[in-house]
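Quick note, the sequences are listed as chains A and B, same order.
If you're matching positions, the first sequence starts at 143 in the numbering used here and goes up one per residue.
If you're matching positions, the second sequence starts at 1464 in the numbering used here and goes up one per residue.
Data first, discussion second: the structure below is written as structure tokens.
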Amino acid sequence: MTEQVFNNLTNCGPVSVYVKDGEIVRVRPMVVDEKDLKPWVIEAGEHRFSPPKKFALAPFVHGERRRIHSEERIGYPMKRVDFDPNGERNPQNRGKSGYERISWDEALDIVSGEIKRVKETYGGSAISGMTSSHHNWGIVGYKMGPFARFMNMLEFTPVLDNPDSWEGWHWGATHTYGFFWRLGMPEQYDLLEDTLKNAEMIVLWSNDPDTTRGTYSGQESALWRQWVKEKGIKTVFIDPFHNYTAGFMDGKWIAPRMGTDAAMAMAIAYVWITEDTYDKDYVENRTIGFDEFKKYVLGETDSQPKTPEWAGEECGVKPRIIRALAREWASKRTVLSGGSRGGEGGACRQAYGTEWARMMVLLQAMQGLGKPGVSIWGTTMGAPSETDTWVPGYGHLKGRVATTDLAGYLPINPTKQRLWRLTLPDAILNPPVSWYGEGFCGQSLEQQFKHFEYPMEGYSEVKLFYRYGGSFMGTMSDTSKWVRMYQSPKLEFVVNQDCWYNSETNMADIILPACTNFERNDFGEWAAVGGYTEHGSSGCNYRVVVYQQKCLEPLWESKSDYQIFALIADRLGMEEQFTDGKTEEDWIKTFFHGSDLPKHISWEDFVRKGYHIINVNDDYKPTPSLRWFYEGRKCDTPDLQNPKRKTEKAGELGTYSGKIEFSSESLKAHFPDDDERPVSPRYIPSWEGHRTEGLVEKYPFQLLSPHPRFSFHCHYDKHTDWLDDIPIHRIKKDGYAWWPARLHPEDAAVKGIHNGDIVRLYNDRGSVLCIAVVTERVRPGVIHCYASSAKYDPLTPGKDDAVDMGGCINILTPSRMLSRNAPGMTPNSCLIDIEKWEG
Amino acid sequence: MTRLGMLIDIDRCNGCYNCFLACRDEHYKNDYPPFSAAQPVSGQYWMQVREVERGSYPKPKLSYIPIPCMQCREAPCIDASKNGAVYRNESGIVIIDPEKAKGQKDIVKACPYRVIFWNEEKQIGQKCTFCAHHLDKGEKEPRCVEACPTGALIFGDLDDPQSDIAKQTASRKTEALHPEYDTNPTVRYIDLPKRFVAGEVVLKDKQDECARGVRVLLEGEGLRLETATDAFGDFEFEGLARNTRYRIAVEYGGYTPQQVDVFTQKDVNLGEIVLEPR
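Structure follows, in structure tokens:
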């Protein structure tokens, strides 16, 4: 058989897939006709910066063929051997039972039978289900599409996702500058050019963009940070870990104790106030509430001036360093890079993380946020990018088979009951649970204050759990409780549908094999989310829309999610309602015709060619983020979801006052007495930090668990064995690929730990085995261990307190959330100890 | 004449391992006769990425050195081979013939860079071929170069004065990795990590301020460098020789100067140098 080439798109870049005899033999960055690419040019000083005519993939995408053909793929429908829907169900054995292969007919009969039974007995609200945070690329198949459409039809209880990437920015920063439509991220338009032209320094605070890569745009921005070096722009890294971007850019490294970032931020404000080095005009005209904030910083409210000396004591950083940082920041045009998309960053996922995130916005406000060279920029988005051509992304309601107005029929879910992802195990095991916040609160600030209780009056507790994906042992908090949840008899039936065996897969009663996007057609644009990340494709050097071509027949007996749901729907007598009379190919065509693409390319040409590049126009005019606000104009950026844009309030931010709020009007209106997320930000010592008496003596190390460098969350790890040859990812020893834990030589010496030792990281919540990497790149007292191990490998399967060999460090992280009324996750407020593992 | 070479700019390498993974993808399970046989699933690193951590907390430095086959002009593997099993092709790429090289373990041992890997199953030595098969089909660069996001790997014809590699080789300071092996490698490097000396100056009577603008000198082995402390009181001398004695002198008006002797067996972090007021 001859070799064939197909185009497809991954989470981190477009690819050309070479297939021979039903097997992928090679995956390259997508090969396109060079004539289709028109690289833009940024002129800054004597420099001319322009991207090359190719696409930069994230590393693990080069291992895609190992992942697709992995032995870890779920090949067949499976049934737990001691589960009998007509007899004994044995829920207590979930996690340790074996599985037997069954036919699709039998699997679909059981699943549809259980759905019918539960619905008839308890009502649709007794069904719940959820996906993981990410899926395989392509909007037709994307998790918000078929899964949501199917579940809405069943009238299920949805599980709201906590805004994991955004926590402190979502629950905190929105109350300083709005941007709730971006979940607390600032717009990033044209900030690459603005930085190269105007910035003198970048402070990267809790940000490793060379690792987190702005999420979906692969390594397109790695070159931009090389340009920043060439331009001579200085960098400062504030991080307990000398991260990979710090290594690449060789900037000044400042390592505060975890949990104390807001204190350092207060001290910087103190220096600016007392030395009169902040933009008084901007504060006067573009903000409100500064006086209250100033009083707190100067110590007039609590008798504690927030001096560098005070902060130095809290942070474990020399006061003169904090003072020098503040002075450098004020005396230069300084960009603040507070996380991968401008914000995000692990510092927002810790106790009272709202306060740090709010301070990030307020510090830049004090320096004139929006001034040339003074922005909040992640360094991963904001290339020159054409925004006239609308293409649906998974974040657009219009881009989902569940919600698009392009559909003939949309199932509407009447169930009002909700669950909260972080407390799902608690809700099952020990109801009731309650919280504030409607998940990703992208519609308004008020969504954050909506109160929920589970169970809700008039609805059933959940009896059937349909899980699509299986990553949570490595990504949620205090994850042993998920083991307990699955073993609860309250969950009468559990389904797991996935492409690969993951950490939760073998906790189900029935396992259904789904195929990847390489085994079916789909449609997508690189890094284009839309909705709460509008114009995410500005993280790429070109806009690339792909007709994602099926490269292989579904492997083994896997089927597309769409097909699986259609088959179940058929057995429920609801097939037409689910498919809307459309095949998957019909949906692709529908989305294509619903976009602006037909203005530029015909459907036939798009299918034949496999891609379409949207280049920047010759008359492109940059509109740098927040420059309009700084200059007192109307919003002129393409920020589509900004509700005030194109109205008479277009000169305002998304806050109640329309200005930056040092004292938050929205918090004052809804939670005026909340001392954990006060109206004006405070530094509040962590409830699991260096000052937590009774705990820190027992568990003296602070765990830092950022996003991994060589895996896309749990995608690729475990299923792509080539990654085990990269020692930053896993290190092979005694026939096992261990997850690294990094610690400082002083700490290693005290504990008698050497490089390459197997070590146990532990606290009251559990134990995880890792391999020790002794390095100077970690602050003493901190242990660095990436989150998102895809491998949950308990020494005693089925026991919730089992020691995990796979590296699921989230077993150790706390259940407690950001603060009383801000239900965000807090993995970076975690005390542990470490010892050499003799077993 | 075509003479294909590679120039690797260490300052541009971010240690992403794209090159290693792209190479593994190209060659795993893919035979490209007559240029190369398939790599096994693991254990061979035709493109190695070597991590180099230097210095100490809180001033560590991180570099990565990508190491392909050096495509030596005086290749020990060619000398060690029998029956023409290893040869240089018309573009200067050193090729191990997957058929002729069977059983010749000496080829593997001959390479001082250790970039040849023994395939036990196939009984041949294997290494980077600059993706000769790929170039042969008209592609312009090996997979590693295609995958590199920052342009750290510069590839092309050294004999073409218009090529990027020829221009950069002419205008920038390039060096071989381990020149003492005397194999005349075609792969050369820019900014290979050397030794650095770093420190922080503190004024004893002004410890709540960073000491900016303090003059720091380095002398030794014919070298004389001068710098001033930055806004954080930090100074650094980079690109120094290994295993060499240098003297650091710190001077600031109104303070007693200080001198420190250093020996660069490892990188040196002098920590705080405290100046006493006169």
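Idealized CB from N, CA, C, for every residue including glycine.
On a predicted model such as this, the values are computed, not experimentally measured, just so you know.
One finds nothing in chain A with a Cβ atom closer than 7 Å to the Cβ of B:C1591; even the nearest lies about 16 Å away. Interface with chain A (8 Å Cβ-Cβ cutoff): B:R1487 is included. About 4 Å separates the Cβ atoms of B:Q1511 and B:I1530, confirming a contact at the 8 Å cut-off.
Taken through DSSP and simplified to helix, strand or coil, A:K162 comes out as strand. Interface flag for A:H277 against chain B is unset, since no Cβ pair is found closer than 8 Å. Here A:H871 is buried, its C-beta having at least 16 other C-beta atoms within 10 Å. In the DSSP assignment, A:C912 falls within the unbroken beta strand (DSSP E) covering G908 to V916. Per DSSP, the continuous alpha helix (DSSP H) segment holding A:Y628 begins and ends at S622 to Y628.
The shortest C-alpha to C-alpha distance from A:L606 to any of A:H849, A:S254 and A:T353 is the one to A:S254. At least one CB atom of chain B sits nearer than 8 Å to the CB of A:Y386.
Taking one beta carbon from each stretch, the region 487–500 of chain A and the region 620–638 of chain A have fewer than 3 pairs nearer than 8 Å; the two do not touch. When Cβ-Cβ separations below 8 Å define contact, A:I868 makes contact with chain B. Excluding the 5 residues flanking it on each side, A:L937 has same chain C-beta neighbours closer than 7 Å at A944, V945 and M947, in chain order. In this structure A:M615 touches A:Y934 by the C-beta definition: roughly 4 Å separates them, less than 8 Å. Between the alpha carbons of A:N759 and A:G681 lies a distance of about 17 Å. The beta carbon of B:C1594 is closer than 7 Å to those of E1489, P1605 and R1606 in its chain, skipping five residues each way along the sequence. Under the Cβ distance rule, B:E1583 does not count among the residues neighbouring chain A, no pair being separated by less than 8 Å. A:L561 and B:F1498 have their alpha carbons spaced roughly 59 Å apart. The Cβ of A:T299 sits no closer than 8 Å to any Cβ of chain B.
Per the Cβ contact rule, the region 954–965 of chain A is not in contact with the region 244–261 of chain A (fewer than 3 Cβ pairs under 8 Å). The alpha-carbon of A:R231 is positioned some 39 Å away from that of A:F852.
Assignment of beta strand (DSSP E) within the region 573–648 of chain A, counting only whole runs of 3 or more residues, yields 575–578, 593–596, 606–610 and 635–640 in chain order. For B:A1538, the three-state secondary structure derived from DSSP is coil. In summary, the residues of the region 449–482 of chain A whose CB is separated from some CB of chain B by less than 9 Å are P450, E451, K460, P461, R462, I463, R465, A466, L467, R469, E470 and S473, in the order they occur in the chain.
Not a single CB atom of chain B sits nearer than 8 Å to the CB of A:W829. In terms of beta-carbon proximity, A:V169 lines the interface with chain B, with at least one pair separated by less than 8 Å. For the region 1610–1640 of chain B, residues whose beta-carbon sits nearer than 9 Å to a beta-carbon of chain A comprise A1610, C1611, P1612, T1613, G1614 and A1615.
For the pair A:S270 and A:F298, the CB atoms are nearer than the 8 Å cut-off. Ranked by Cα distance from A:G672, the first of A:Q691, A:E980, A:S630 and A:W532 is A:W532. Taking a C-beta distance under 8 Å as the contact criterion, A:G356 and A:V378 do not qualify as a contact pair. In the DSSP annotation of this structure, the continuous segment of the alpha helix (DSSP H) that includes A:D712 starts and ends at D703 to R713.
Here A:G265 has E297, Y601 and S602 as same chain residues with Cβ atoms under 8 Å from its own Cβ, once five neighbours each way along the sequence are excluded. In the displayed model, A:W562 falls within a strand according to three-state DSSP. Here the region 541–558 of chain A does not lie against the region 204–218 of chain A, with fewer than 3 beta-carbon pairs under 8 Å apart. If you check the CB distance, A:N278 and A:A544 do not come in under 8 Å. DSSP places A:I410 inside the alpha helix (DSSP H), whose first and last residues are D403 to E417.
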